[in-house]
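Q:
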Amino acid sequence: MLPAPAVAPDRYGVGFVIAHDAPRLCYALACWWAERNEVHQRILSAPADRPEHLAPHPSEAAGCVWELSVTDFERRAWITHVLANPGGPDLDAYLAQEYDDDV
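Residue numbers for the sequence shown follow our numbering, beginning at 1 and rising by one.
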């Protein structure tokens, strides 16, 4: 599901995961950074009452406002610690950031 090897000339080997417990389906969104400024994503889903059946989501991607809140946090952290950091990319500082909100 994730690119291998994790670290490559076009990938940093870091990203984030979003777990979303929606009314009908549960989702797992695996996201990783590539090409400096791109976030790539794989989406898994399962019936809400059978989360152990996670499988690749069968339709096009859609962004829920709650998921986008997490993505926005990660975007800002990525810009701060990797793209706009005067000392160069600091992956440890990026990974040290924690999303702390109830969505």
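Each residue gets a CB set at the ideal place from its N, CA and C atoms; glycine is no exception.
On the three-state DSSP scale, how would you describe L54?
A: Here L54 sits in coil by DSSP.
Q: Cα-Cα, which of W78, Q97 and A96 is closest to G88?
A: Nearest of W78, Q97 and A96 to G88, Cα basis: W78.
Q: So A96 is in the alpha helix (DSSP H); what residue range does that whole segment cover?
A: L91 to A96 is the span of the alpha helix (DSSP H), which, as asked, contains A96.
Q: Let's test the definition: count the other Cβ atoms within 10 Å of the Cβ of Y27 and tell me whether it reaches 16, buried, or not, exposed.
A: Result: buried.
Q: Please determine, among L95, A30, F73 and D72, the residue with the shortest C-alpha to C-alpha distance to A55.
A: Nearest C-alpha to A55: A30.
Q: Expressed to the nearest angstrom, what Euclidean distance is found between the alpha-carbon atoms of E35 and A6?
A: C-alpha separation (whole angstroms): 13 Å.
Q: Around the C-beta of Y99, are 16 or more other C-beta atoms found within 10 angstroms, so that it is buried, or is it exposed?
A: Y99 is exposed by the Cβ-count criterion.
Q: Could you give the C-beta distance for A22 and A48, rounded to a whole number, given that I count them as a contact under 8 Å?
A: That pair is a contact at about 7 Å.
Q: What number of angstroms, rounded off, separates the C-alpha of D92 from the C-alpha of L44?
A: One C-alpha to the other measures close to 27 Å.
Q: So, is R11 buried or exposed, given that buried needs 16 or more other C-beta atoms within 10 angstroms?
A: Flag for R11 reads buried.
Q: Which residues share a DSSP beta bridge with G15?
A: Per DSSP, W32.
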